[in-house]
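Here the structure comes first, spelled out in C-alpha cells, and everything after it is commentary.
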Amino acid sequence: MLQNNFSKVIRSDINLLVTLYFLLENRQVSRTAKQLYIGQSAVSHQLNRLREMFDDQLLVRTAAGMMLTPFAEQIYPTLGNVVADLEVLLKKKNKNLHPHPIKDIYRICVPEDTYIEDVSVLFYDFAHDENIRDNVTFEVFNRYDSCISDLNEGKIDFFFGSSDNLSGAICSSKLIETEFCLAVRADHPLANKTVQLADIVKYPWIDILFREKANSYANEHWGEAINNMRCVLKTSSANAAITLLSHSDAICSLSDDIINKRGLAQVKTKNKIKITNYLYWHKIMGDDIFHRYIREGLISRYVSENINARK
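Residue 1424 is where the sequence shown starts when you use my numbering, and the numbers rise one by one after that.
If you want it as C-alpha cells, here you go:
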C-alpha cells in the first residue's frame, strides 16, 4: 500500500525539495548555499536536477535578477508548508517531557496593534496544543518609544519586526516578507489607481510611529511626497490610523495583508517596499529551555499560517 501511494516519493531525493524552497525564497544560489551550509556548485547541481524532476526552469535570469516561473510561483506556497511541517515534526517530543516556564509572564512586542489579536491567539493556541499553557501568562503589546531599548536590555522576551538598531546581544530568526503600500479607504479617489508621487501631495497624511525599517523605507521611497503633505495624525496605533482612513481622504502606509484584511485599497506607485520580518530575543534567554521550545515551534507555525493566508 505504501509503495502504491508514495512511489514518486520513494524514488525521489526529498532533500532536493528543501533546497528548492530556499532557492525560490532567496532567488539566489549564493544565498541559498550559505543558508544550507553547502557550496554554490552543489546548489547549482541540485537546481539542474530539480529542473529535470519538474520539467521546468523554476528560476530564470532577467534584468531584474532571478525570477520564479509560473509553475514555481504555483508550488512555492506548498513547499513552504512542507518545510514548516517538517520543522514541527523534527521538534516533536514526548508530551510529558515539555519544559516548564521559569517565570510567570513572557512579554511579546508586535509591530502594530493590528497584530495583537492574531499573535495573542497564535501563542495561546500553540501553548494549548502543546500542553504547556499552565502557569504561564503571555503579555502582548505593540510598539512604544523605548521598546528597542527594552529589547536590548532583555526586558522583552519575543519581539516581532524588522530593525537595525539592535545590540550584539540580540538573536533573531527569519519569518516572512511583508510588502508595504500606500493605503486609502475603498472609495477614495485614488483607490487602486497607479499614480505619480505628485498626485498624492494634496491629500492628508497619517504617520504611524515606532515602525523602524518601515518608516525608514517609506521616507526613502515616498519622502518627496510625504514631506509636502499635511500630517493630520501621528499615532502609535495602526487601528487608529485605519479608523481615520475610513472617514477621510487621508493616505497612510500599511502592510498589504492589513490592507486586504481591513477592506482598504492601495494607491499604486512605481516603488514597492518589501521588508523581511524577524523574531528577535535577547541572548540571556539562551538558558530558558521553555523560551527556546515555544520559540522554535512558534516560528514554524507562524510561517506556515502566514503562507496559507497569502495563498
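Where a beta carbon is used, it is the ideal one built from N, C-alpha and C, also for glycine.
ask   = Of all the options M1489, V1441, P1524, which has the alpha carbon lying nearest to the alpha carbon of I1498?
value = Here residue 1498 refers to the residue found at position 75 when the sequence shown is read from its first residue. That would be V1441, whose Cα lies nearest to the Cα of I1498.
message = Please state whether the Cβ-Cβ distance between V1542 and F1583 is less than 9 Å.
response = For this step, residue 1542 is matched to residue 119 along the sequence shown. For this step, residue 1583 is matched to residue 160 along the sequence shown. Yes. Within cutoff.
query = Based on Cα-Cα distance, which residue from S1464, N1694, K1578, R1715 lies nearest to T1617?
reply = The sequence position of residue 1617 within the sequence shown is 194, counting from 1. The candidate whose alpha carbon is nearest that of T1617 is N1694.
Unbroken beta strand (DSSP E) run spanning L1382, endpoints = A query on residue 1382 cannot be resolved here, the shown segment of the chain reaching from 1424 to 1734 and no further.
ask   = At which residues does the alpha helix (DSSP H) containing Q1458 begin and terminate?
value = As a position in the sequence shown, residue 1458 is number 35, starting the count at 1. Start and end: 1452 to 1459.
message = Within 10 Å of its beta-carbon, does R1566 have 16 or more other beta-carbons around it, so buried, or fewer, so exposed?
response = Position 143 of the sequence shown, counted from the start, is the residue given in the question as residue 1566. So R1566 counts as buried.
query = How is N1391 classed by DSSP in three states: helix, strand or coil?
reply = Since the first residue of the chain shown is 1424 and the last is 1734, residue 1391 is not available in this structure.
query = Tell me the DSSP bridge mates of R1434?
reply = Locating residue 1434 in the sequence shown gives position 11, where the first residue counts as 1. Partner(s): none; R1434 has no beta bridge.
query = What first and last residue would you give for the alpha helix (DSSP H) that runs through A1661?
reply = Translated into the one-based positions of the sequence shown, residue 1661 becomes position 238. Counting along the chain, the alpha helix (DSSP H) containing A1661 begins and ends at 1661 to 1669.
message = Following a CB-centred definition, is E1576 positioned closer than 8 Å to any heavy atom of the ligand FMN?
response = Absence of the ligand FMN is noted for the structure shown, with no ligands found whatsoever.
ask   = Tell me, which residues are paired with H1705 by DSSP?
value = For the purposes of this step, residue 1705 is taken as residue 282 along the sequence shown, with counting starting at 1. I1593, per the DSSP bridge assignment.
message = Buried or exposed, going by whether 16 or more other CB atoms sit within 10 Å of the CB of K1734?
response = Looking up residue 1734 in the sequence shown gives position 311. Residue placement at K1734 cannot be trusted, given a pLDDT of 48 that sits under 50; what the coordinates show is reported in the next sentence. So K1734 ends up on the exposed side.
message = Between V1506 and Y1444, how many whole angstroms is the CB-CB distance? I'm expecting something under 8 Å.
response = Here residue 1506 refers to the residue found at position 83 of the sequence shown. Here residue 1444 refers to the residue found at position 21 of the sequence shown. 5 Å between Cβ atoms; contact.
query = According to DSSP, is R1600 helix, strand or coil?
reply = Counting from 1 along the sequence shown, the entry for residue 1600 is found at position 177. Before going on, a small fix: residue 1600 reads as Glu here, not Arg. Strand, per DSSP.
request  = Flag this pair as yes or no: are the beta carbons of I1674 and V1690 separated by less than 9 Å?
outcome  = The residue given as residue 1674 occupies position 251 in the sequence shown. The residue given as residue 1690 occupies position 267 in the sequence shown. Yes, the pair counts as a contact, with Cβ atoms nearer than the cut-off.
Range of the contiguous alpha helix (DSSP H) that encloses Q1619 = Mapped onto the sequence shown, residue 1619 falls at position 196. From DSSP, Q1619 is part of no alpha helix (DSSP H); its letter is neither H nor E.
ask   = According to DSSP, what are the bridge partners of S1678?
value = Translated into positions along the sequence shown, residue 1678 becomes position 255. In DSSP, S1678 forms a bridge with F1603.
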